[in-house]
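Protein chains in written order, with this note's numbering: chain Z, 781 to 895; chain B, 231 to 341.
Yeah, the Cβ is synthetic: ideal placement off N, Cα and C, and Gly gets one too.
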Amino acid sequence: DSGVTQTPKHLITATGQRVTLRCSPRSGDLSVYWYQQSLDQGLQFLIQYYNGEERAKGNILERFSAQQFPDLHSELNLSSLELGDSALYFCASSVDAGMNKETQYFGPGTRLLVL
Amino acid sequence: DAKTTQPPSMDCAEGRAANLPCNHSTISGNEYVYWYRQIHSQGPQYIIHGLKNNETNEMASLIITEDRKSSTLILPHATLRDTAVYYCIVRVGDTGNQFYFGTGTSLTVIP
Chain Z
781 DSGVTQTPKH LITATGQRVT LRCSPRSGDL SVYWYQQSLD QGLQFLIQYY
831 NGEERAKGNI LERFSAQQFP DLHSELNLSS LELGDSALYF CASSVDAGMN
881 KETQYFGPGT RLLVL
Chain B
231 DAKTTQPPSM DCAEGRAANL PCNHSTISGN EYVYWYRQIH SQGPQYIIHG
281 LKNNETNEMA SLIITEDRKS STLILPHATL RDTAVYYCIV RVGDTGNQFY
331 FGTGTSLTVI P
């Protein structure tokens, strides 16, 4: 158990819909990361938040957005869903307080199926 | 923008050492090398990381070459539960801390 929690575990929805994925980081971790893993793309970095502020952006679509709240939990919002958005979505967290504190600990993931 | 290169698959006999190589020839002087593994579709699991000295923990050993252009993850006594995809990662980006996972090595431990 990494200490990172994600809800829900599974999500089934229809094209065009909007969903929200939730992540709670490990106690004491200030950074939260979101990754997408699809069959044809592998694990891809989407976005990082540090202490409530966006720190880095990866291959995140404009239909996707994220935020980190004062209690440090994070939500990933996916809108206008398409079949190709079906994937595993992982959240990770790290202390992010220096070069030797960048180890990321991953949650169990949310499996999204868009029908 | 692949920063690491790994063989796509490897087999290892149960009880033997598994040696997983990784090339990271463009690594910068202050970048760490991280190893993670993913079993089935579970969340990636942290194994070990290092800068230039060899590292060992309860899971594995990490050997980094002197020029830091390659490294080897060693699982000293592989078990069936070590069957997984192993990722060698170097942090990318000038800001932030995003990992580039690449395709990894699929390790199969054979009874």
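Can you find a CB in chain B that lies within less than 8 Å of the CB of L823(Z)? yes
Checking contacts by CB at 8 Å: is S874(Z) closer than that to chain B? yes
Using only CA atoms, which one of Q268(B), Y317(B), T313(B), S301(B) lies nearest to C242(B)? T313(B)
Relative to chain B, which residues along the stretch 803–815 of chain Z have a C-beta separation below 9 Å, given in chain order? S811, Y813, Y815
Go ahead and pull the three-state DSSP assignment for G864(Z). helix
Limits of the beta strand (DSSP E) - the one that L303(B) falls within: 300–305
In whole angstroms, what is the alpha-carbon distance linking F329(B) and I792(Z)? 28 Å
Report the three-state DSSP secondary structure of R321(B) (helix, strand or coil). strand
Distance CB(Y869(Z))-CB(G889(Z)) smaller than 8 Å: yes
In whole angstroms, what is the alpha-carbon distance linking D865(Z) and E296(B)? 42 Å
Given a cut-off of 8 Å on the beta-carbon distance, is the pair L858(Z) and V812(Z) in contact? no
Run down chain Z in chain order and give the residues with a C-beta less than 8 Å from the C-beta of R321(B). E882
Could you round the C-beta distance between K282(B) and I294(B) to whole angstroms and report it? I think they count as a contact, below 8 Å. 6 Å
Taking C-beta pairs closer than 9 Å, name the residues in chain B that G832(Z) reaches, listed in chain order. Ordered by position in chain B, no residue passes the 9 Å Cβ test against G832(Z), which lies about 14 Å from the chain.
Can you name the residues that DSSP bridges to H279(B)? Y264(B)
Excluding the five sequence neighbours on either side, which residues of its own chain have a C-beta within less than 6 Å of the C-beta of T335(B), listed in chain order? Q236, P237, M240, L250, Y316
Burial state of H254(B), where buried means 16 or more other Cβ atoms lie within 10 Å: buried
Beta bridge counterpart(s) of Q817(Z) as assigned by DSSP: L823(Z), L868(Z)
Buried or exposed by the 16-neighbour rule on C-beta atoms within 10 Å, applied to G245(B): exposed
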